[in-house]
Amino acid sequence: MNDTNQERIYPAEHSPRAFYQTWAASHPPTMTFASRAHRATMWQQELRVQLLACLGEMPQPVELQPELVNEVDAGDHVRQKWLLRTEPHFRLPLFLLLPKRVHAPAPAVIAVHGHGPGKVHTAGLPDAPGADEAAADELDYGLAAVRRGYVALCHDMRGFGECVDEDHRMMAHGYSCIYSAGRSIMLGRTLLGERVWDVRRAIDFLASRPDVDAGRIACVGHSGGGTVTLLTAAVEPRLRAAVVSAYLCAWSASLYGVGHCPCNYVPGLARLADCGDIGALAAPTPLLVTTGTHDDIFPLAGVQRAFATVSDGYAALGAADRVELYVGEGGHRFFGAPTWLFLERWLRG
């Protein structure tokens, strides 16, 4: 009987995902906090070095050569568009949102977007595709920040917005990170490493401005932006606070258990640590983790497992009062209220 068109049930051993889950379970990471809690400070230093190595070859720093492209009066704030040279042959486009009534130097928030149109959503541009839905879901958190008196920097991550490769600009989903992720690996780099690098150069830019208090710069990211925020906080001590929305989760429940964009993956990292271990590297930087009760791609049980490691790491490093978990009702979404309360405490308290 020809069963070419018949529905088939294949053995589990035919499944790559099942194989990776089994393989990961039988090869636990070698540099977890739990295995080295008795020497937490040394562990943190050693794993941070290894994390940077996994993120790939980092660019050579160059002069930022900031270029002001235009300036728009947006009513309650001024929106400037800038270009920064974050490495040779690459310029990062961003919006800088400036409050009109604030005492300088002011605290600043870097608003890192997730998968979608890019900075036009975080900056709250009213004519952006899907702007109304983004505002309803509180994804305009750069705009929310400037309306609370913060200087807000909203950039396009590589693979999104103005940083989409031209040959993929018209594709339905509107981003090219899947291709950029593969190309960067071929060059001994990673797309996540490049995105972290761009945020660190954005910190350089903010710190150089007289209207920004360099000691009060925070990073806020949702989903893929939460990934970049967590990794940046793990390696960048200049952040005064970090908010990771809808990302922190044990990798067995998220990256192994659910399909994710290739831009989430870092070669070799799971051989060393799990997501909670990476979160603990951020200590003593104040860290808020937010998640929804019904997030399908970062399940709550996995979030709680990862956060337990983060909490233990912060406690061992003398920063138990600087890390919080907020669980809100809903799915894969951003929670504004706890975010702004947390930043008010650490940027203005």
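Residue numbers for the sequence shown follow the working numbering, so the first one is 262 and each next one is one higher. Think of the CB as a built atom: it goes at the ideal place given N, C-alpha and C, for glycine as much as any other residue. All of these numbers come straight from a predicted model, not from anything done at the bench.
State the DSSP-derived secondary structure class of T451, mapped to helix, strand or coil. coil
Report the option in P320, Q341, D334, A406 whose CA atom is closest to the CA atom of C480. A406
Relative to the C-alpha of A295, which candidate in L604, R583, F559, A534 has its C-alpha closest? A534
With DSSP run on the structure shown, which of helix, strand or coil describes F559? coil
Does DSSP put C522 in a helix, in a strand, or in coil? coil
Give me the Cα-Cα distance between R606 and A298, rounded to the nearest whole angstrom. 29 Å
Return the CA-CA distance between M262 and P277, expressed in angstroms with no decimal places. Here the model assigns M262 a pLDDT of 44, short of 50, so the residue's position is not dependable and the matter cannot be decided.
Helix, strand or coil: which one does DSSP assign to D459? helix
Skipping 5 residues on each side, what residues in its chain have a beta carbon closer than 8 Å to that of F645? The first residue shown for the chain is 262 and the last is 610, placing residue 645 beyond what the model contains.
Cβ separation of F466 and L604, assumed to be a contact under 8 Å, to the nearest whole Å: With 8 Å as the limit, F466 and L604 do not qualify as a contact, their Cβ atoms being about 20 Å apart.
Between which two residues does the beta strand (DSSP E) containing G476 stretch? 473-483
Could you tell me how far apart the beta carbons of P366 and D472 are, in whole angstroms, since I believe they sit closer than 8 Å? 6 Å
Can the beta-carbon of G553 be found less than 8 Å from the beta-carbon of H593? yes
Counting only beta-carbon atoms, is G537 nearer than 8 Å to chain D? In the structure shown, chain D cannot be found, because there is only a single protein chain.
Near R461, what residues of its chain come up, given a Cβ to Cβ distance below 7 Å and the 5 sequence neighbours on each side ignored? T493, E497
With DSSP run on the structure shown, which of helix, strand or coil describes M431? Any answer about M431 is weak, because its pLDDT of 49 lies below 50 and its placement is not dependable; what the coordinates show is given next. DSSP places M431 in coil when its eight states are reduced to three.
How many Å lie between L516 and T293 at the Cα? 18 Å
I'd like to know if the stretch 559-579 and the stretch 326-346 are in contact, where contact means that at least 3 CB-CB pairs between them fall below 8 Å. no
Distance, Cα to Cα, M431 vs H376? Residue placement at M431 is poorly supported in this model, since its pLDDT is 49, which falls under 50; the coordinates are not used for a value here.
Is the beta carbon of P368 sitting closer than 8 Å to the one on L608? yes
Is it buried or exposed for E274, if we count other Cβ within 10 angstroms and need 16 for buried? exposed
Let's test the definition: count the other Cβ atoms within 10 Å of the Cβ of L602 and tell me whether it reaches 16, buried, or not, exposed. exposed
Evaluate T488 with the Cβ neighbour count: other Cβ atoms within 10 Å of its Cβ, from every protein chain shown; 16 or more gives buried, anything less gives exposed. buried
Residues of its chain near L386, where Cβ-Cβ distance is below 7 Å and the 5 sequence neighbours each way are ignored: A392
Length of the line joining the Cα atoms of C438 and P523: 8 Å
Nearest-angstrom Cα distance between R470 and P327? 11 Å
Apart from the five residues on each side of it in sequence, which residues of its chain come closer than 7 Å, Cβ to Cβ, to A396? G385
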